Every structure is written in structure tokens, then in C-alpha cells.
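Worksheet for the structure shown next.
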Amino acid sequence: IGDFTGESFLEKLLCAEMITSVWGAVYKKDAIGKLRFDEKIYCGEDFYFLYELSKKCNKVSINQGKHLYHYVCKEESLTGSYTPRAKGNFEMLDRMIGDISNGKIKQLAYKRYQLDAIGIGMDCLKYSKDKNEWAFYSKVIKKHKKVFDIYSVGTFGQKIITFLLGKKQYWVLRALSKIKGSIRKTIG
Numbered sequence: 018i019g020d021f022t023g024e025s026f027l028e029k030l031l032c033a034e035m036i037t038s039v040w041g042a043v044y045k046k047d048a049i050g051k052l053r054f055d056e057k058i059y060c061g062e063d064f065y066f067l068y069e070l071s072k073k074c075n076k077v078s079i080n081q082g083k084h085l086y087h088y089v090c091k092e093e094s095l096t097g098s099y100t101p102r103a104k105g106n107f108e109m110l111d112r113m114i115g116d117i118s119n120g121k122i123k124q125l126a127y128k129r130y131q132l133d134a135i136g137i138g139m140d141c142l143k144y145s146k147d148k149n150e151w152a153f154y155s156k157v158i159k160k161h162k163k164v165f166d167i168y169s170v171g172t173f174g175q176k177i178i179t180f181l182l183g184k185k186q187y188w189v190l191r192a193l194s195k196i197k198g199s200i201r202k203t204i205g
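18 is the number of the first residue of the sequence shown in our numbering; add one for each residue after it.
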């Protein structure tokens, strides 16, 4: 794909324009230094590692021309189901938002936060019967509304989900999640 500054690489990560897993790349040992995975992050630890690495790098070179790995999402996998530990993802994103000073990149981080809240929140509604868990995502979805237009993110369906989660209309969302089997089709 090309060469990027650490900041432009972070923009690509936040916009989901490149793979956020760390296993598919080669890194210079001196670039990583003492940087390690945050073991408190259960979901999104790769993303946070790459975020921290992007702050240290002047140049990031990427070549994604040849696909060497085929990723399959399975219903029962971590990325295809829900676990309460996924809530740690928002603590990580809040740390990032607090750390970023560039206005454009901060807006991208807010957008990423909102899209994650929609996706993980809907997985929670689909797989969990715990109303306290549901309430957590109602709170998360509205957290940054004073500084970010929460209805500016995503497709029309995702905007409806943002509205319904914010209004705690769980029964409507649970019904939507059952239509046509997959919530991914509902919010796409």
C-alpha cells in the first residue's frame, strides 16, 4: 500500500482501512522497544498495541498486495459472539481519545468508539439476557454526545440502533437482531 507517517497510519487504523491484527506484520525490534500488549484489554488489544506503536514511529511501510491469510468469522468465536469482558474495549478507546491531541484524528477515534458501541452493544443484546449489560451500552452509546455528533456515524440502520440503544428500547433491538438471523445484516 505504501509508506505512512505514524499519524497517517493511525488514521488508516481508525477508519478500518487496514488490518488491525499484529500477527500479519514484521516489526523492527527497536521500534517496539519496551512496548507490550496491555493484558487488561480483552478485546482490541492488537488495535491498542498498534496505536501505541504508531505514536513512536516516524515511518510505517505497508505491503498488503498478496493475501496470505483467510479469516473466517464463526458465530461461536470471540468476534462473533459477546462476552462482558468486551467492555474493556471502551476503556482502551477512552484512553486513546484522552491521549490524542490532533482534532481530525480525535474525531476518527470518536467515530471508532461509536461504531464499536453499536456493534458490541448489539452483540450484547443478541447473546446476553442481563439487563445491566444492556444498560451499560445505552450509557456508552451516549457518552461522547456533548463533543461528537453520535448520529453522524454509520449507515442508516446504525443510526437507528444508536437512537434505540440511547432510548433503552431493548425489546425493539432484540427483535431486529432475530430478523434474518444475523445482526450484521441488520446493521450493515
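Cβ atoms here follow ideal geometry from the backbone N, Cα and C, with glycine treated the same way. Just so you know, these numbers come straight off a predicted model, no measurement behind them.
Which residues bound the alpha helix (DSSP H) around residue i?
i      : result
VAL157 : 148 to 159
GLN186 : Note, GLN186: premise wrong, no alpha helix (DSSP H); not H, not E.
MET139 : 120 to 144
LEU110 : 105 to 116
ALA48  : 46 to 49
Express the C-alpha separation of residue j and residue i in angstroms, rounding to a whole number.
i      : j      : result
ASP20  : ILE196 : 43 Å
PHE54  : LYS185 : 34 Å
SER71  : TYR99  : 29 Å
GLN131 : ARG112 : 15 Å
LEU190 : LYS162 : 21 Å
LYS76  : GLU56  : 26 Å
LYS45  : SER78  : 11 Å
ALA42  : ILE49  : 13 Å
ILE151 : PHE66  : The question names Ile, but residue 151 in the sequence shown is Trp. Rounded to the nearest angstrom, the two C-alpha atoms are 28 Å apart.
ASP166 : TYR154 : 17 Å
GLY138 : THR179 : 10 Å
PHE173 : ASP147 : 27 Å
ALA103 : PHE64  : 14 Å
THR203 : CYS32  : With a pLDDT of only 46 at THR203, under 50, the local geometry of the prediction cannot be trusted, and the value read off the model is given with reservation. For THR203 and CYS32, the distance between alpha carbons rounds to 21 Å.
SER199 : ASP47  : Any answer about SER199 is weak, because its pLDDT of 48 lies below 50 and its placement is not dependable; what the coordinates show is given next. Rounded to whole angstroms, SER199 to ASP47 spans 44 Å at the Cα level.
VAL39  : PRO101 : 24 Å
Residue j and residue i - do their beta-carbons sit closer together than 9 Å?
i      : j      : result
GLY23  : CYS74  : yes
ASP206 : PHE107 : Nothing about residue 206 can be reported from this structure: the residues present for the chain run from 18 to 205 only.
TYR59  : GLY105 : yes
ILE122 : GLU34  : no
LEU125 : TYR187 : no
Taking residue i as the reference, which of the options has the closest Cα?
i      : options                       : result
LEU30  : LEU110, GLY105, PRO101        : LEU110
LYS120 : VAL164, GLU69, PHE173         : Reading the sequence as shown, one finds Gly at residue 120 and not Lys. Of VAL164, GLU69, PHE173, the residue nearest in Cα terms is VAL164.
THR37  : TRP151, GLY61, ASP47          : GLY61
LEU182 : TYR127, ILE158, ILE117        : ILE158
LYS176 : GLY136, ASP47, PHE66          : GLY136
SER169 : MET35, ARG102, LYS128         : LYS128
ILE117 : TYR68, ALA192, ASN149, LYS146 : TYR68
Starting from residue i, trace the beta strand (DSSP E) in both directions and tell me its first and last residue.
i     : result
ILE79 : 77 to 79
Determine which residues share a DSSP beta bridge with residue i and list them.
i     : result
PHE21 : VAL77
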